[in-house]
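Asker: Chains as they are written, first to last, in UniProt numbering: chain A, 1 to 540; chain B, 1 to 312.
Where a beta carbon is used, it is the ideal one built from N, C-alpha and C, also for glycine.
1. Taking buried to mean at least 16 other C-beta atoms within 10 Å of its own C-beta, is residue 244 of chain A buried or exposed?
2. Is residue 238 of chain B close to chain A, meaning its C-beta is less than 8 Å from at least one C-beta of that chain?
3. Between the region 179 to 199 of chain B and the region 328 to 341 of chain A, do at least 3 Cβ pairs fall closer than 8 Å?
4. With a cut-off of 8 Å, does the C-beta of residue 413 of chain A fall near any C-beta of chain B?
5. Assign residue 312 of chain B to one of three DSSP states: helix, strand, or coil.
6. In this structure, how does DSSP classify residue 261 of chain B when only helix, strand and coil are distinguished?
7. Entirely within the region 108 to 155 of chain B and at least 4 residues each: give me those alpha helix (DSSP H) ranges in chain order.
8. Tell me where the beta strand (DSSP E) around residue 356 of chain A begins and ends.
9. Within the same chain, show all residues whose beta-carbon is closer than 6 Å to that of residue 312 of chain B, passing over the 5 residues directly before and after it, in chain order.
10. Any idea what DSSP makes of residue 23 of chain A, helix, strand or coil?
11. Going by other Cβ atoms of all chains shown within 10 Å of its Cβ, with 16 needed for buried, is residue 383 of chain A buried or exposed?
12. Give me, in chain order, the residues of the same chain whose beta-carbon lies closer than 6 Å to that of residue 178 of chain A; leave out the 5 immediate sequence neighbours on both sides.
13. For the putative contact between residue 481 of chain A and residue 291 of chain B, defined by C-beta atoms under 8 Å, what is the C-beta separation to the nearest angstrom?
14. Can you tell me whether DSSP reads residue 2 of chain B as helix, strand or coil?
15. Are the C-beta of residue 160 of chain A and some C-beta of chain B separated by less than 8 Å?
16. Answer yes or no: does any C-beta atom of chain B fall closer than 8 Å to that of residue 383 of chain A?
17. Using a Cβ cut-off of 8 Å (strictly closer), state whether residue 183 of chain B contacts chain A.
18. Look up residue 311 of chain A in the DSSP assignment and say whether it is helix, strand or coil.
19. Going along the chain, which unbroken runs of the beta strand (DSSP E) with 3 or more residues stay wholly within the region 406 to 472 of chain A?
20. Quick one: grab the DSSP three-state call for residue 112 of chain A.
21. Please confirm whether residue 78 of chain B and residue 95 of chain B have their CB atoms less than 8 Å apart.
22. Taking only beta carbons into account, state which residues of the region 106 to 124 of chain B come closer than 9 Å to chain A, listed in chain order.
23. Quick one: what's got a C-beta closer than 6 Å to residue 423 of chain A's C-beta in the same chain, skipping five residues either side?
24. By Cβ distance below 6 Å, which residues in the same chain neighbour residue 76 of chain B in space, the five residues on each side in sequence not counted?
25. Determine whether the beta carbon atoms of residue 92 of chain B and residue 246 of chain B lie at a separation below 8 Å.
26. Contact between the region 132 to 149 of chain B and the region 248 to 263 of chain B is defined here as three or more beta-carbon pairs at a separation below 8 Å; is this criterion met?
27. Is the CB-CB distance between residue 140 of chain A and residue 197 of chain A below 8 Å?
28. Residue 514 of chain A and residue 508 of chain A look like a contact to me (Cβ under 8 Å); what is the Cβ gap, rounded to whole Å?
29. Listing by chain order, which chain B residues have their CB less than 7 Å from the CB of residue 365 of chain A?
30. Can you tell me which residues form a DSSP beta bridge with residue 8 of chain A?
31. Quick check on DSSP: helix, strand or coil for residue 281 of chain A?
32. Measuring CA to CA, which of A/376, A/414, A/413 and A/381 is closest to residue 400 of chain A?
33. Compute the distance between the beta-carbons of residue 136 of chain A and residue 170 of chain A, then report whether it is under 8 Å.
34. Interface residues of chain B around residue 379 of chain A at Cβ under 7 Å?
35. Strictly below 9 Å CB to CB, what residues from chain A border residue 209 of chain B?
36. When you compare only the Cα positions, how much space is there between residue 229 of chain B and residue 99 of chain B?
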């Protein structure tokens, strides 16, 4: 028993909420050894973070309550320790990094001060702390560590901030590092670098790494063993490669099947005739920042065009310009040959029906004070010529069924639905307009993998049924693979490569496309290991 | 104010359901009862007790409370001219509530309307509105009141007008700040994509989200306005005797505070209870109007209520 570095035995945690007692985790057991990477894999609400929070003493009690089990650190039960003892372990023996580094770095102190503070609170002198902070910044790959010491968190990019968090976590040479979704908020190319860094540091220090993630690709890239959680219980545990190759539990199997980027790619379409939408030379600047530098784009009727790019590439600006949410500074947008920019407001209002949008976060894009019925029927209030009032009830019911919800949900409010269901409501709302083109701005990025697959399947089915076109904006290439007809890769406000999906995936021409493809993580550990080897060969 | 068309959608919420939700919050229930009482006093008080409230009785000057030998009307004591306090409080409810409600409603409606424009529109008018608010704010409100009421004759309508004007910036600034934040939210963008008119976006999407804040401010302002009115009355440019308000009664009782505390205490208590009730009720209203919070009240009504997501 005592030979494990950290061991969680039969841990059960409850939360008392207004809706009754929620069993967050039940009888969860796992262990972590020195120099090992254990991944806890699960979707939102699976309880994957709860056991790590219990280890860090981060569960608020009440409403939380640990109802049973033990947490052993080097054989000593942590739950029996005093708060003072726990505090000394936190940050020193066990350190943690979080998903959103900006929220966990104090904006009013310089980063050098914050890292040094970690050392001084655990009993280091000021001088050694400063020296240690400088070394750590250099070690996690922050350029010019001397100058970086005096900078503030907002002066770093997202990836650098995560490096800073790692530096802070390592300040006391912890035995265990807990990483809660460390790369979820990062671009794919940055994600690969951060994971690389974590692996290197682990090899150097021999610490145990506990990784909490929803992403099979991250597991494949970095984990030795994996614990799969669903509904507060462990459904499967074992060697990462083995679990992927031969999943025992149906839930694991479902999760692996849902991972994007495995299906057959559609064949190239005939692109003759009048395009549905054509953008020519779109430019947009925000102050000195040039968000779009002359972008051309063509969407044929019934076609799905994916725009892929990392944050800051201008892909969302492009979508907003096409919908005229933000008017572009230059260029033309032709809808069926008519210039949207030169159109009279009255004519544009009529066209609003044809161009609809599904937003990234359905929690924010649905008015929380309107019922589902009001949300969907708002389209017909605004465009009163679509449907006579008498038919609204039936049509709302019909649309809800079409997106896979039940008609009697019409009286509910958005907060009573899960994230995936909310996105379905948002899609139903877009469909109520009977549009020709739907712009999906990261429409599936905020959803769990299995839900993501369902929503994409829904969009695909609707395309076939109504002959819809999609402009599908994403930051992740595998997501668009099974769904898009054409792929456009954007970088820094420009299109770097464009082509049919099969060609883009099988023979990417531009180095940036290749970098994006190789940085996106495959759920198969074997594939990932091969890629890693290839990468190291390149750099060596 | 909201778009009437969408209102036609079925809303299965009977008065009984409202009452049940009010009963679920006991404090709000009693607050509502008290406000109802105050409202009845305001409506019927002058008609029922008008004569009694002005009847002087010099032998009962500053008569102490809890003494019913002079009759039930003297249970709260009598004022410096021997007029029964209870009757006076009941009668004064009309003027007090009229001034306070008028001033609060007036400033809230004008202030929020201007704030909506200032927050939503990007045109120059928005700047002018804000500067206007600054001017009103930087001008001492009591000075403004003195000037206006010195020129105009001090009547209830003029007092309402003066108090309303001085309180406009509070709503103006709050509304503008809220609107600036809400207008950038995704669901407003989504409405724009659908082609919704500006009017619809403002009244259907922005105002309902900002409203709870405004209602809370308005209830707090209610007390402020009542006291401001009393200080105007104290200066002799507010309500003119023999007309009475609670604020005026507090002011009149001040000189007897050491010998006859009840002169100021009872009307002061009436002010406190009214404000407190309004606060409790507005808190209840905020919960009722928020679909994500409403279950708190709906669940409490049932003893063994099973919490389910679709309990609407």
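Answerer: The answer reads as follows:
1. Stepping through the first chain from its first residue, residue 244 of chain A is reached at position 244. Residue 244 of chain A comes out buried.
2. Here the question's residue 238 of chain B lines up with position 238 in the second chain. It does not: the Cβ of residue 238 of chain B has no partner Cβ on chain A nearer than 8 Å.
3. Between the region 179 to 199 of chain B and the region 328 to 341 of chain A, the count of C-beta pairs closer than 8 Å stays below three; the two stretches do not touch.
4. Residue numbering aside, residue 413 of chain A sits at position 413 when the first chain is read from its first letter. Chain B contact via Cβ: present.
5. In the second chain, residue 312 of chain B corresponds to position 312, counting from 1. Only weak support exists for where residue 312 of chain B lies, its pLDDT of 36 falling under 50; the coordinates are left without a value.
6. Taking the first residue of the second chain as position 1, residue 261 of chain B is located at position 261. Coil at residue 261 of chain B, not helix or strand.
7. With a minimum length of 4 residues, the continuous alpha helix (DSSP H) runs that stay inside the region 108 to 155 of chain B are 124 to 138 and 141 to 151.
8. By one-based count along the first chain, residue 356 of chain A stands at place 356. From DSSP, the beta strand (DSSP E) with residue 356 of chain A extends over 355 to 358.
9. On the second chain, residue 312 of chain B is found 312 positions in, with the first residue counted as 1. Only weak support exists for where residue 312 of chain B lies, its pLDDT of 36 falling under 50; the value from the coordinates is given anyway. Within its own chain, no residue has a Cβ closer than 6 Å to the Cβ of residue 312 of chain B once the five positions on either side in sequence are excluded.
10. Your numbering for residue 23 of chain A matches position 23 in the first chain. If DSSP states are grouped into helix, strand and coil, residue 23 of chain A belongs with the strands.
11. One-based indexing of the first chain puts residue 383 of chain A at position 383. Buried, because 16 or more other Cβ atoms sit within 10 Å of the Cβ of residue 383 of chain A.
12. Counted from its first residue, the first chain places residue 178 of chain A at position 178. Take residue 178 of chain A, set aside five residues on each side of it, and the residues of its chain with a beta-carbon closer than 6 Å to its own are 52, 96 and 210, in chain order.
13. For the purposes of this step, residue 481 of chain A is taken as the residue at position 481 of the first chain. For the purposes of this step, residue 291 of chain B is taken as the residue at position 291 of the second chain. Not a contact, Cβ separation roughly 39 Å.
14. By 1-based counting over the second chain, the position of residue 2 of chain B is 2. Confidence is the limiting factor: at residue 2 of chain B the pLDDT is only 37, short of 50, which leaves the residue's position unreliable and the question unanswerable from this model.
15. On the first chain, residue 160 of chain A is found 160 positions in, with the first residue counted as 1. Contact with chain B is absent for residue 160 of chain A, since none of that chain's Cβ atoms lies less than 8 Å from the residue's Cβ.
16. Translated into the one-based positions of the first chain, residue 383 of chain A becomes position 383. Residue contact with chain B for residue 383 of chain A: present (Cβ-Cβ distance below 8 Å to some residue of chain B).
17. The residue labelled residue 183 of chain B in the question sits at position 183 within the second chain. Not one chain A Cβ lies under 8 Å of residue 183 of chain B.
18. Counting from 1 along the first chain, the entry for residue 311 of chain A is found at position 311. Residue 311 of chain A falls in the coil class under three-state DSSP.
19. Runs found: 437 to 441.
20. Taking the first chain and counting its residues from 1, the one referred to as residue 112 of chain A is at position 112. In the structure shown, residue 112 of chain A sits in a helix (DSSP, three-state: H, G or I).
21. Position 78 of the second chain holds residue 78 of chain B. Position 95 of the second chain holds residue 95 of chain B. No, they are not a contact pair.
22. Cβ contacts with chain A come from no residue of the region 106 to 124 of chain B.
23. Position 423 of the first chain holds residue 423 of chain A. The residues are 362 and 455.
24. Position 76 of the second chain, counting from 1, holds the residue named residue 76 of chain B. Annotation for residue 76 of chain B: 65, 85, 86 and 266 place their beta carbon closer than 6 Å to its own, counting only its chain and skipping 5 residues before and after.
25. Translated into positions along the second chain, residue 92 of chain B becomes position 92. Translated into positions along the second chain, residue 246 of chain B becomes position 246. Between residue 92 of chain B and residue 246 of chain B, the CB-CB gap stays under 8 Å.
26. Contact fails between the region 132 to 149 of chain B and the region 248 to 263 of chain B, because fewer than three Cβ pairs, one in each stretch, are under 8 Å apart.
27. Taking the first chain and counting its residues from 1, the one referred to as residue 140 of chain A is at position 140. Taking the first chain and counting its residues from 1, the one referred to as residue 197 of chain A is at position 197. Taking 8 Å as the Cβ cut-off, residue 140 of chain A and residue 197 of chain A qualify as a contacting pair.
28. Mapped onto the first chain, residue 514 of chain A falls at position 514. Mapped onto the first chain, residue 508 of chain A falls at position 508. Contact flag correct, Cβ pair sits at about 5 Å.
29. In the first chain, residue 365 of chain A corresponds to position 365, counting from 1. Per Cβ cutoff of 7 Å: 186, 187 and 190.
30. Looking up residue 8 of chain A in the first chain gives position 8. A/30 and A/71, per the DSSP bridge assignment.
31. By 1-based counting over the first chain, the position of residue 281 of chain A is 281. The DSSP-derived three-state label of residue 281 of chain A is strand.
32. As a first step, residue 400 of chain A is located in the first chain; it is residue number 400 there, counting from the start. Considering only alpha carbons, the answer is A/376.
33. Stepping through the first chain from its first residue, residue 136 of chain A is reached at position 136. Stepping through the first chain from its first residue, residue 170 of chain A is reached at position 170. Cβ distance < 8 Å, so residue 136 of chain A and residue 170 of chain A count as in contact.
34. Here residue 379 of chain A refers to the residue found at position 379 of the first chain. From the beta-carbon of residue 379 of chain A, the residues of chain B found nearer than 7 Å are 194.
35. Indexing the second chain from 1 puts residue 209 of chain B at position 209. Around residue 209 of chain B, the beta-carbon contacts reaching into chain A at under 9 Å are 367, 368 and 369.
36. Start at 1 with the first residue of the second chain, and residue 229 of chain B comes out as number 229. Start at 1 with the first residue of the second chain, and residue 99 of chain B comes out as number 99. Here the alpha carbons of residue 99 of chain B and residue 229 of chain B stand approximately 8 Å from one another.
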